[in-house]
Amino acid sequence: MTMTFAGAIGIFLAGVLTLAIFSFLYKDNPVYKFAEHLFVGTSAGYWFIYNVYNIFVPNVLVAWREAGGFADYFNVALPVLLGFFMLMRLIPSVSWISRWAMAFSVGMTVGFNTITELQTNILQQIGATLSPFASLHFNNGGLVASVNAIIILLAVLAALVYFFFSKEHTGGYGHIAKVGIWVLMITFGASFGYTVMARISLLIGRVQFLQTDWWVAIKHIIGLG
Amino acid sequence: MFWKRQFPIMITAFVAVVMIVAYFIPKPGFAGTRDNLQQWFLIVVTFTMVLGLLNLFFVSLHKARKGRKEDRFYNWVTIVALLGTIAAGFLKGGINSPAFDFIFNYVYIPLSATIFSLLAFYVASASFRAFRAKSVMATILLITAFIVMLGRVPLGDWVTGWAQGTSLDFLYLPNITNWIMEVMNMAGQRAVLMGAALGLIATGIKIILGIERSYLGGE
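Respectively, the protein sequence lines represent chains A and B. First residue of the first sequence? That's 84 in the numbering used here, and the numbers climb one at a time after it. First residue of the second sequence? That's 3 in the numbering used here, and the numbers climb one at a time after it.
Set out below in structure tokens:
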């Protein structure tokens, strides 16, 4: 792959910024602070532009231009009005108007999530836990899958018992709750291990970038590559 | 007082109930209402982002002019980066303009990836402190995390590779890791998801009924 001079400068800059962030491992320092503030500014700017082109332009500007009747104009004008109400938060004397937009957003989130959560995280999870029992068999081919399905069901029930605080965790119920905590501890341990590996993989990616791309870019800039 | 307190609660309840009821009525008009409300929400969210952006700008500007002397320069960096990125986004070509592309590829992506990779060190240092097997629970967490980490790297394969394909296949670390992830971890995640979903729905009902109103600033 051929590298342009502008591309080489960009990769060089990316490498310098990478090292600037890593410099925090030594201690907080001006170079790190510079990179950190640069990240805050660019990420805020990037997501703003992303929203402008992906949400505002198609849903407001294009929709308004192509509107064919009252309903179409209304569907653009009302949310834009609510959006301006949201901005009223910056003016203390009328900041209470922003509550209307906030109320709409909260109502919308509640209405949307109630159905989504019920469907995805309750009904589908119950279905996925119970559906293997429709084809449970303990012959050679299905033994492991069947035992795993039973373990999953028992583990889910035990963990749910632990989450149920309306009954005191004593006696046999307490023992089941204790198994539930073990299941949760295994889950947290697995999630932790998985997260660590994901971060390590990112770290390896950055080090490889410095080792390969960055050196190639430096050589290209000084005329050796 | 009505417009400041009761009216927002009425808006919330009305929009939430419409979203829920419309889902259960299989008529095109109701599905359209849900779609429209979702589209409105996206537009309002964009304005909310503008609010956040203006807030960041004014707070940084205030700190750059009147904040601690040694921090002023960094706040100017934030402001210049913010305005520069936005200006690049509005150049000809928009989101695909070379300037915006340059900022995205050579400033935003490396900074964001490096900041997240930095967390590897903090997670490692936190685990040294947290992973003291003080109790049975902590020991279970420690052993599981250790197996999952080891099972995902070549070392796990190297240490227990002799067991692979033999009658002791279940001792092969990548297999143990897969079993933990696909059985025990999945069971725990399911219970957590169900518990969280029930909690979320309960909170939603409280919001619809106007019992929970902290989103209005605690009034």
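Here a beta-carbon is modelled for each residue, glycine too, at the ideal position from N, C-alpha and C.
With a beta-carbon spacing of about 7 Å, I92/A and I304/A fall inside the 8 Å limit used to define contacts. Boundaries of the alpha helix (DSSP H) harbouring M12/B: 9–26, taken from the DSSP string. Closest by C-alpha distance to I45/B, out of M86/A, V290/A, M185/A, is M185/A. Between the region 59–73 of chain B and the region 132–142 of chain A, the count of Cβ pairs shorter than 8 Å is below three; the stretches do not touch. Taking a Cβ-Cβ cut-off of 7 Å, the neighbours of T212/A in chain B comprise R192, given in sequence order.
Contact of W265/A with chain B is assigned, a C-beta pair being separated by under 8 Å. By the Cβ-count criterion, F105/A is buried, with 16 or more other Cβ atoms from all chains shown falling within 10 Å of its own Cβ.
For the region 187–213 of chain A, the set of positions with a beta-carbon nearer than 7 Å to some beta-carbon of chain B reads F187, S188, V189, G190, M191, V193, G194, F195, N196, T197, I198, E200, L201, N204, I205, Q208, T212 in chain order. In this structure, F43/B sits near M191/A, with a CB-CB distance shorter than 8 Å.
For D73/B, the enclosing alpha helix (DSSP H) begins and ends at 71–91. Per DSSP, the continuous alpha helix (DSSP H) segment holding K65/B begins and ends at 30–68.
With distances taken between CA atoms, E184/B lies nearest to N231/A out of F271/A, T197/A, N231/A, H258/A. One thing to note: F117/A has its Cβ within 8 Å of the Cβ of Y76/B. Judged by DSSP in its simplified three-state form, K250/A adopts coil rather than helix or strand.
The Cβ of Q41/B sits closer than 8 Å to at least one Cβ of chain A. Among the CB atoms of chain B, none fall inside 8 Å of the CB of T295/A. Going by DSSP, T85/A is part of no alpha helix (DSSP H) at all; its letter is neither H nor E. In the three-state reduction of the DSSP assignment, I235/A falls in the helix class. Short of 8 Å from the beta carbon of I180/A, and not among the five residues preceding or following it, lie these beta carbons of its own chain, in chain order: F168, M171.
Cβ contact annotation for I81/B (same chain, cutoff 8 Å, sequence separation greater than five): F59, S62, L63, A66, in chain order.
Contact annotation for M280/A against chain B: V150, M151, R154, V155 [CB-CB distance below 8 Å, chain order]. In terms of CA proximity to I22/B, R36/B leads the group P10/B, L218/B, M12/B, R36/B. When C-beta distances to chain A are compared with 9 Å, the residues of the region 111–123 of chain B below that value are I111, P112, L113, S114, A115, T116, I117, F118, S119, L120, L121, A122, F123, in chain order. Shown here, F221/A sits in coil according to DSSP, grouped into three states, outside any helix or strand. At a cut-off of 8 Å, the C-beta of P162/A has a neighbouring C-beta in chain B. Pairwise C-beta distances place the region 118–126 of chain A in contact with the region 105–122 of chain B, as three or more of them are shorter than 8 Å.
Judged by DSSP secondary structure, A300/A falls within the alpha helix (DSSP H) whose first and last residues are 298–304.
In terms of beta-carbon proximity, R289/A lines the interface with chain B, with at least one pair separated by less than 8 Å. Counting along the chain, F195/A sits inside the alpha helix (DSSP H) bounded by residues 181–199. With a 10 Å radius around the Cβ and a threshold of 16 neighbouring Cβ atoms, E149/A comes out exposed. Annotated three-state conformation of Y136/A is helix, per DSSP. DSSP, reduced to helix, strand and coil, places I174/A outside both helices and strands of the structure shown, so it counts as coil. Short of 8 Å from the beta carbon of W130/A, and not among the five residues preceding or following it, lies no beta carbon of its own chain. Annotation: Cβ neighbours of M188/B in chain A (cutoff 8 Å, chain order): I235. Judged by DSSP in its simplified three-state form, S137/B adopts coil rather than helix or strand. Taking the beta carbon of V123/A as reference, the chain B residues within 7 Å of it are T80, listed in sequence order.
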